[in-house]
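The structure under discussion appears below in the form of structure tokens.
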Amino acid sequence: MKALILVCNAGRGHTSVSLAIAEALAERGVDSEIFDALSVFSKHISQLFSKGHTELYRHHPHFSNMSYTYAEKHPMDVRSRAAVRKMLHIGAERLYSHVRESGFDCLICPHVISALMADELIRLHPNEIKSSCFVATDYTCSPLADKTELDWYFVPTQDVAEEFAAAGVPSEKTVVTGGIPVQNVFYTEVSKAEAKAALGLSPDCRHLLVMSGSMGCGHIERVVALVAKNMRADEAVTVVCGTNEHLRQRLEHDYAGREQIRILGFTDNVAQLMDSADLLLTKPGGLTTSEAQVRQLPMVLVDVVSSCEKYNLRHYCSLGGAVWSNSEREAARYSLALLRDKTLLGGMSERLHLSVRPEQVLCGTIISGSKAV
């Protein structure tokens, strides 16, 4: 088996899931490649799609939510649209050239667009691919995922499996993984005291980690200002701005000289930051929340973008491992109150316990070709 993991140049979450799957495959001796499906058209188109996606999420989240909600309420068959069908055909044929040249026989799709392209490729060349799958990266059945006919649909919970079934995906094709795939580094055992010391924090300080997705979305400045105004001497805040350089520069200016408040741009050190944190304040992205669950890190969730993320919010709040805030002031108040309540945080942390490793369930199923892994 040789697997091609098809991502799309839109946010970091799908790529992080792909990296987790690639690690799990490598542990089982399977070669894989992570490939940007949109690049088959051109690097310029891929970059344009990424930029548009970032701008929409960062500056116009209400439009993103409106379009997602419309797609949910008005499901369509993409092949009924001539322009879309033509683009899928072109993309699939170009993708097929890469598949054939490199000898891939397994397609893994953690994004709906790449799943549609893989589905079209299989329709055009039915005997070339031995195994194909879609991997849900949110706690819902994303629009159009059900319009594909792949071999497997990996979903995080039984509730989501039932959503897929209601949308028409055969239940025998659906595998519940118990969560969303996360990279190995998040499973490494590191004590909170050690992680805090590595970052130069006192083991006794209460540490709030603030994240806004890889793109730096939401009214994070307002929340941080409210938290900063009411912090105690034994409390620290780390803010991760992602790729939003303007946000990072503004916050660095606002909190210059405040040692309790640390401002970071894009970082690959999320696992260590989560290890050192007592509480996470974030938008409910599928990957960030899943990574926090593996580290059993309680969360305060702010519904910035809504769309598919509202389902992640509901999932973690229903588990009891997160609370939801619907305003910046409420987010700041909840964060400080929880940060100071070790007993409540301990209970929330216990409810986030993950009994399986989703990426191992997924890879075991693909390799064995059976649900018994």
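At the far end of the sequence shown sits residue 483, using this note's numbering, and the numbering has no gaps. For every residue, glycine included, the Cβ atom is placed at its ideal position computed from N, Cα and C.
Where do the ends of the beta strand (DSSP E) carrying Tyr-444 lie? Not the beta strand (DSSP E): Tyr-444 falls in the alpha helix (DSSP H), residues 438-449.
One question on the structure: do Lys-302 and Ser-241 come within less than 8 Å of each other, judged by their Cβ atoms? Contact: no.
What are the boundary residues of the beta strand (DSSP E) that Ile-371 is part of? In the DSSP assignment, Ile-371 falls within the beta strand (DSSP E) that extends over 371-374.
So Ser-437 packs on Tyr-444, CB below 8 Å; how close in whole Å? That pair is no contact at about 10 Å.
Nearest residue (CA-CA) to Pro-394, options Tyr-426, Lys-112, Asn-379 and Arg-372: Distances from the alpha-carbon of Pro-394 to those of Tyr-426, Lys-112, Asn-379 and Arg-372 put Tyr-426 closest.
Ser-478 - partner residues in DSSP beta bridges: According to DSSP, Ser-478 bridges with nothing at all.
Is Met-384 closer than 8 Å to Leu-319 when the C-beta atoms are compared? Yes, Cβ-Cβ distance for Leu-319 and Met-384 is below 8 Å.
I'd like the span of the alpha helix (DSSP H) that includes Tyr-421, first residue to last. From DSSP, the alpha helix (DSSP H) with Tyr-421 extends over 419-429.
Helix, strand or coil: which one does DSSP assign to Tyr-297? Tyr-297 falls in the helix class under three-state DSSP.
Would you call the CB atoms of Arg-341 and Gln-370 closer than 8 Å? For the sequence presented, residue 341 should be read as Met rather than Arg. In this structure, Met-341 places its C-beta atom within 8 Å of the C-beta atom of Gln-370.
Identify the continuous beta strand (DSSP E) that holds Ser-142 and give its terminal residues. Looking at the DSSP string, the run of the beta strand (DSSP E) that includes Ser-142 is 141-146.
Coil, strand or helix - Val-414 by DSSP: Here Val-414 sits in coil by DSSP.
To the nearest angstrom, how far is it from the Cα of Arg-210 to the Cα of Gly-201? Rounded to whole angstroms, the separation of the alpha carbons of Gly-201 and Arg-210 is 14 Å.
Enclosing alpha helix (DSSP H) for Phe-274 [first to last residue]: Phe-274: member of the alpha helix (DSSP H) spanning 268-276, first to last residue.
So, for Asp-141: in the same chain, excluding its five sequence neighbours on each side, which residues have a beta-carbon less than 6 Å away from its beta-carbon? Cβ within range, chain order: Lys-112.
Using only the alpha-carbon positions, how far apart do Arg-461 and Val-150 sit? If I take the Cα positions, the gap works out to 43 Å.
With three or more beta-carbon pairs closer than 8 Å as the criterion, would you say the segment 241-261 touches the segment 359-374? The segment 241-261 is not in contact with the segment 359-374.
In whole angstroms, what separates the C-alpha of Leu-293 from that of Phe-274? The sequence given here places Gln at residue 293; Leu does not occur at that position. Going from the Cα of Gln-293 to the Cα of Phe-274 covers about 25 Å.
Over what stretch of residues does the alpha helix (DSSP H) that includes Leu-205 continue unbroken? Annotation: the continuous alpha helix (DSSP H) that includes Leu-205 extends over 192-212.
Classify Lys-240 as helix, strand or coil using the three-state DSSP reduction. Coil, per DSSP.
Within this structure, are the beta carbons of Ala-432 and Pro-408 separated by less than 8 Å? Result yes, Cβ atoms of Ala-432 and Pro-408 sit closer than 8 Å.
Alpha-carbon to alpha-carbon, Phe-214 and Ile-144: Rounded to whole angstroms, Ile-144 to Phe-214 spans 12 Å at the Cα level.
In chain order, what are the residue ranges of uninterrupted alpha helix (DSSP H) at least 4 long that sit wholly in the segment 350-391? Here the runs fully enclosed are 355-364 and 380-386.
Output the boundary residues of the alpha helix (DSSP H) element that contains Lys-302. Run containing Lys-302: 302-308, per the alpha helix (DSSP H) assignment.
Straight-line CA distance for Ser-312 to Asp-269? Spanning the two alpha carbons is a distance of roughly 41 Å.
Can you tell me where the beta strand (DSSP E) with Met-321 in it begins and where it stops? Met-321 -> beta strand (DSSP E) spans 316-321.
Identify every residue that forms a DSSP beta bridge with Glu-345. DSSP output for Glu-345 lists Arg-316 as bridge partner(s).
Can Ala-134 and Gln-470 be called in contact, C-beta distance under 8 Å? A contact, by the Cβ cut-off of 8 Å.
Given that a residue counts as buried once 16 or more other Cβ atoms are within 10 Å of its Cβ, and exposed if not, what is Ala-307? The residue is exposed, with fewer than 16 neighbouring Cβ atoms inside 10 Å.
For Met-409, three-class secondary structure by DSSP: Secondary structure of Met-409 (DSSP, three-state): strand.
Through-space distance from Glu-331 to Leu-361, alpha-carbon basis: Computed Cα separation, rounded: 7 Å.
Does the Cβ-Cβ distance between Thr-392 and Asn-422 come in under 8 Å? One thing to note: Thr-392 has its Cβ no nearer than 8 Å to the Cβ of Asn-422.
Pick helix, strand or coil for Cys-473, following the three-state DSSP scheme. Helix.
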